[in-house]
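**Q** Quick one: structure below, then a few questions.
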Amino acid sequence: MPKAGSLWAYAATRLFLSLPMLLILLTIVFTVLRIVPGDPIAALFAGRAPPDVVAATRHRLGLDLPIWQQYVNYVVQVFTGSLGTSIGASYHGKSVLFIIMDKLPATIELTVGAMLVASIVGLSTGVISGTRRDKPSDIALRLYGTIIFVVPIFWLGQILQLIFAVDLRLFPAQLRFSGGPPPLMITGLYTLDSLLEGNLGSFLVSIWHLVLPSLTLGLVLSGFFTKTVRANLLRTVKADYVEAARARGIPENKIVSRYAFKNALIPVITVLGLQFAILFAGAVLTERTFTWDGMGTLLLTAINEADYPMVEGVIVVYALIIVLVSLVIDVINGLIDPRVRY
Amino acid sequence: METFLKIDDLSVGYWTRRGKVGALVGIRLEMSEGETLGIVGETGCGKSTLGKAILGILPPLTEIQGHIFFRGRDLPRLGLEEYRRLRAKEIALIFQDPMTRLNPLMRIENHFVEEILAHESVSKAEARSRAREALLSMGIHESRIRNYPHEFSGGMRQRIMIALALVLKPSLLIADEPTTSLDVIVESQILEILQDLKRVYHMSLQLITHNMGIVAEICDRVAVLYAGKLVELGSAHDVFHKPLHPYTQGLLASIIHLDTKELHSIEGSPPDLISPPSGCRFHPRCPYAQQICVEKEPPLVEFQKGHLAACHFGDTFL
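Right under this line is the structure:
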């Protein structure tokens, strides 16, 4: 591949350029947290501590310093890699980075599961819809795409819980694991860890727990895929090169897969990258609905406790992941589409 | 002996929101093996529809009536798979705009391999070597076979399209305005290639064009289409020297002459094919139109041997 060198240079530039972006994001989050009502000390003691204790704690946590100095301290902590120390009740005094690393695998498992559901459901419905334009199946799937896109995640989650957990008792309604101790912590991903452990039973249990949350988040995202795939397929099945392929006697199934579908996929992959941001937002709601102990639950706790460093830390990690994902998407696009140049 | 290609009372209609568009109406046309037939007319007269109808690649829901006999088989009545096997293998089509006709995500080589494997059971290596041969014969160097379409110029892409059309050695090649989107130098290269096909390989060629100069240069016979109807058919010599239909006369007059520098045009524009004019479809633009032209549709009449025209006054132009 002659462009591999330029690909690395491109990736490095992109990562370098994401630093100022992160700094801007950090500044905004820092500022907003200090504008919105809510005081970490009040949250910590539930307003019941004597004034001298409050003052002492405020001094200990550095919250009595001028705001610019707090800002400088925080930025230094971020860029030295520690992300600061939690000041909330739940994780008081613990390293923010440590807590995030503990919660991140749960969210990764959930979002990967959701992306799988969204891609499989979205791509297949999109292809059916796009190749059977205006037939009943297309109309039904278009309706599905619109409705599922506007359904609130927590509502869909609760409906699925009611049907599959409460009535049919097929899947658990909450938590990442049950019926014994979870797999040994290696990566934190229960599915992967149980496989590394060689324990097929706990692998199945973790998958079993993943089904409903992944389905909830994945289905809501799939509607957007259905529509994007359909719209792009409708465009490419009419493309000149498709007509030319037909004129050369290429079998119809190959025309759909190699000409129409593959070309329709390029913009879909770009959209997929953009969807990751929405995916994380959806994961917060999904985790809450399924008592899933991940980043979303952590973020909600941190916001309730006005745990400034924790909220900032979670958002920085989210932003980093989105930067990385969009970089990966760009690379994938470059590999699929020979016209892309870095 | 059965006719090579016989189009019998072919009508093609597209359905639109406003109604049915009669893109082709009652076309009767024959072509013998080794012949070069020019199909001429303005934009929107049904020329491209004719080519696509022969190949059976009109969009779904298009209404096709009548017969297209190719070596004894009635094409519109072929099964889907049988029709597919005939494309490129027996009848090939080159399109107008080569820039958008190749899959941007596929290497040139794979276009060939895929096509050859779709029609013949040969090994991939064999298909590859035939692809190389086909490209070389069109003057494209072997080293470029693994390039992608966007790495070629328009003229090169059209030569690739021709190579793709010829790699399975079809007996009929339909070229739909193969040079319209190319510059004049590339145009003359492509025309030379087409002439070689005719001279060296005796390929039957159907050349769809609006360029009367190209017709004069390569075609044996000419069919003139106007508003979906065949209005004149004859040898290139006859049609150029004694055009019997006023529309053909108009087309010929609209070629610029270097000595007089005069340029004539046909007044008006082609009619709306959803509700075409009554009688002769050309009457609103015809300088000789009489009452009968409005009322009665002129039949296609053989005014002299092998020279047909659909005009009430054809004999006055003889």
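Order-wise, the sequence lines are chains A and B.
In terms of our numbering, the first sequence is residues 15 to 356.
In terms of our numbering, the second sequence is residues 61 to 378.
Virtual Cβ for every residue (Gly too), placed ideally from N, Cα, C.
Quick caveat, the model's predicted, so the values are computed rather than measured.
Reducing DSSP to helix, strand and coil, say where residue 125 of chain B ends up.
**A** For this step, residue 125 of chain B is matched to residue 65 along the second sequence. Strand.
**Q** Is it right to say residue 20 of chain A is buried, meaning 16 or more other beta carbons lie within 10 angstroms of its own, or is it exposed?
**A** Here residue 20 of chain A refers to the residue found at position 6 of the first sequence. When all chains shown are included, residue 20 of chain A counts as exposed.
**Q** Using a C-beta to C-beta distance shorter than 8 Å, which residues of chain A count as neighbours of residue 208 of chain B?
**A** For the purposes of this step, residue 208 of chain B is taken as the residue at position 148 of the second sequence. By Cβ distance, chain A contributes 352 and 353.
**Q** With respect to the alpha helix (DSSP H) encompassing residue 168 of chain A, which residues constitute its N-terminal and C-terminal limits?
**A** By 1-based counting over the first sequence, the position of residue 168 of chain A is 154. 167-174 is the extent of the alpha helix (DSSP H) around residue 168 of chain A.
**Q** When you compare each of A:304, A:341 and A:59 to residue 172 of chain A by their alpha carbons, which one comes out closest?
**A** Taking the first residue of the first sequence as 1, we reach residue 172 of chain A at position 158. Closest option to residue 172 of chain A, Cα to Cα, is A:304.
**Q** I'd like to know whether the C-beta of residue 186 of chain A is nearer than 8 Å to at least one C-beta of chain B.
**A** On the first sequence, residue 186 of chain A is found 172 positions in, with the first residue counted as 1. Not closer than 8 Å to any Cβ of chain B, the Cβ of residue 186 of chain A fails to qualify, so no.
**Q** Looking at chain A, which residues of the segment 163-175 of chain B have a Cβ within less than 9 Å of any of its Cβ atoms?
**A** So the list reads 163, 164, 165, 166, 167, 170, 171, 174 and 175, given in the order they occur along the chain.
**Q** Give me the Cα-Cα distance between residue 255 of chain A and residue 114 of chain B, rounded to the nearest whole angstrom.
**A** Mapped onto the first sequence, residue 255 of chain A falls at position 241. Mapped onto the second sequence, residue 114 of chain B falls at position 54. Taking the straight line joining both Cα atoms gives about 19 Å.
**Q** Flag residue 212 of chain B as yes if its beta-carbon sits less than 8 Å from any beta-carbon of chain A, otherwise no.
**A** Indexing the second sequence from 1 puts residue 212 of chain B at position 152. For residue 212 of chain B, the answer is no, since every Cβ of chain A falls outside 8 Å of its Cβ.
**Q** Tell me the DSSP bridge mates of residue 130 of chain B?
**A** Working through the second sequence from its first residue, we reach residue 130 of chain B at position 70. Answer is B:65 and B:133.
**Q** Which of helix, strand or coil does DSSP assign to residue 361 of chain B?
**A** The residue given as residue 361 of chain B occupies position 301 in the second sequence. In the structure shown, residue 361 of chain B sits in a strand (DSSP, three-state: E or B).
**Q** Taking 8 Å as the CB-CB cut-off, is residue 265 of chain A touching chain B?
**A** As a first step, residue 265 of chain A is located in the first sequence; it is residue number 251 there, counting from the start. Yes, contact with chain B.
**Q** Relative to the C-alpha of residue 275 of chain A, which residue among A:84, A:137, A:337 and A:110 is closest?
**A** Within the first sequence, the letter at position 261 stands for residue 275 of chain A. When only C-alpha atoms are compared, the closest one is A:137.
**Q** Just checking: is the beta-carbon of residue 179 of chain A within a distance shorter than 8 Å of some beta-carbon in chain B?
**A** In the first sequence, residue 179 of chain A corresponds to position 165, counting from 1. Not one chain B Cβ lies under 8 Å of residue 179 of chain A.
**Q** When DSSP labels each residue in this structure, what does residue 80 of chain B get in the three-state scheme?
**A** As a position in the second sequence, residue 80 of chain B is number 20, starting the count at 1. DSSP places residue 80 of chain B in strand when its eight states are reduced to three.
**Q** By the three-class DSSP mapping on this structure, what secondary structure does residue 185 of chain B have?
**A** In the second sequence, residue 185 of chain B corresponds to position 125, counting from 1. Residue 185 of chain B: helix per DSSP, three-state reduction.
**Q** Where does residue 64 of chain A land, buried or exposed, given buried means 16+ other C-beta within 10 angstroms?
**A** For this step, residue 64 of chain A is matched to residue 50 along the first sequence. With fewer than 16 other Cβ atoms within 10 Å, it is exposed.
**Q** Can you say whether residue 354 of chain B is buried or exposed, counting buried as having 16 or more other CB atoms within 10 angstroms of its CB?
**A** Here residue 354 of chain B is taken as the residue at index 294 of the second sequence, counted from 1. Exposed, by the Cβ-count rule.
**Q** Just reading off the beta strand (DSSP E) that residue 160 of chain A is part of, what are its end residues?
**A** Position 146 of the first sequence, counted from the start, is the residue given in the question as residue 160 of chain A. Looking at the DSSP string, residue 160 of chain A is not in any beta strand (DSSP E); the run it does join, the alpha helix (DSSP H), is 150-164.
**Q** Between residue 197 of chain A and the ligand COA, is the CB less than 7 Å from at least one heavy atom?
**A** The ligand content of the structure shown is nil, which means the ligand COA is not present either.
**Q** Once you ignore the five residues that flank residue 142 of chain A on each side, which residues in its own chain have a CB closer than 8 Å to its CB?
**A** As a first step, residue 142 of chain A must be located in the first sequence, where it is residue number 128. Closer than 8 Å at Cβ, skipping near neighbours: 151, 152 and 155.
**Q** Please report the straight-line C-alpha distance between residue 89 of chain B and residue 96 of chain B, rounded to a whole angstrom.
**A** The residue given as residue 89 of chain B occupies position 29 in the second sequence. The residue given as residue 96 of chain B occupies position 36 in the second sequence. Approximately 13 Å between the Cα atoms of the pair.
**Q** My output table needs one value for residue 268 of chain B: the three-state DSSP class, helix, strand or coil.
**A** Residue 268 of chain B sits at position 208 when you count from the first residue of the second sequence. Residue state, collapsed to three classes: strand.
**Q** Could you say if the segment 274-293 of chain A and the segment 26-34 of chain A meet the contact criterion of at least three C-beta pairs nearer than 8 Å?
**A** No contact exists between the segment 274-293 of chain A and the segment 26-34 of chain A.
**Q** Please determine, among B:222, B:235, B:254 and B:218, the residue with the shortest C-alpha to C-alpha distance to residue 242 of chain B.
**A** Counting from one through the second sequence, the residue named residue 242 of chain B turns up at place 182. That would be B:218, whose Cα lies nearest to the Cα of residue 242 of chain B.
**Q** When the Cα of residue 36 of chain A is compared with those of A:318, A:139 and A:92, which residue comes out closest?
**A** Here residue 36 of chain A corresponds to residue number 22 of the first sequence, with the count starting at 1. Answer by Cα proximity: A:92.
**Q** Can you tell me where the alpha helix (DSSP H) with residue 206 of chain B in it begins and where it stops?
**A** As a position in the second sequence, residue 206 of chain B is number 146, starting the count at 1. Careful: residue 206 of chain B lies outside any alpha helix (DSSP H) and carries neither H nor E.
**Q** Could you pull out every unbroken alpha helix (DSSP H) segment of at least 4 residues lying fully inside the segment 67-143 of chain A, listed in chain order?
**A** Complete alpha helix (DSSP H) runs here, min 4: 81-93.
**Q** Near residue 129 of chain B, which residues of its chain fall below 6 Å by C-beta distance, leaving aside the five closest residues on each side in sequence?
**A** Position 69 of the second sequence, counted from the start, is the residue given in the question as residue 129 of chain B. Taken in chain order, the residues that qualify are 66.
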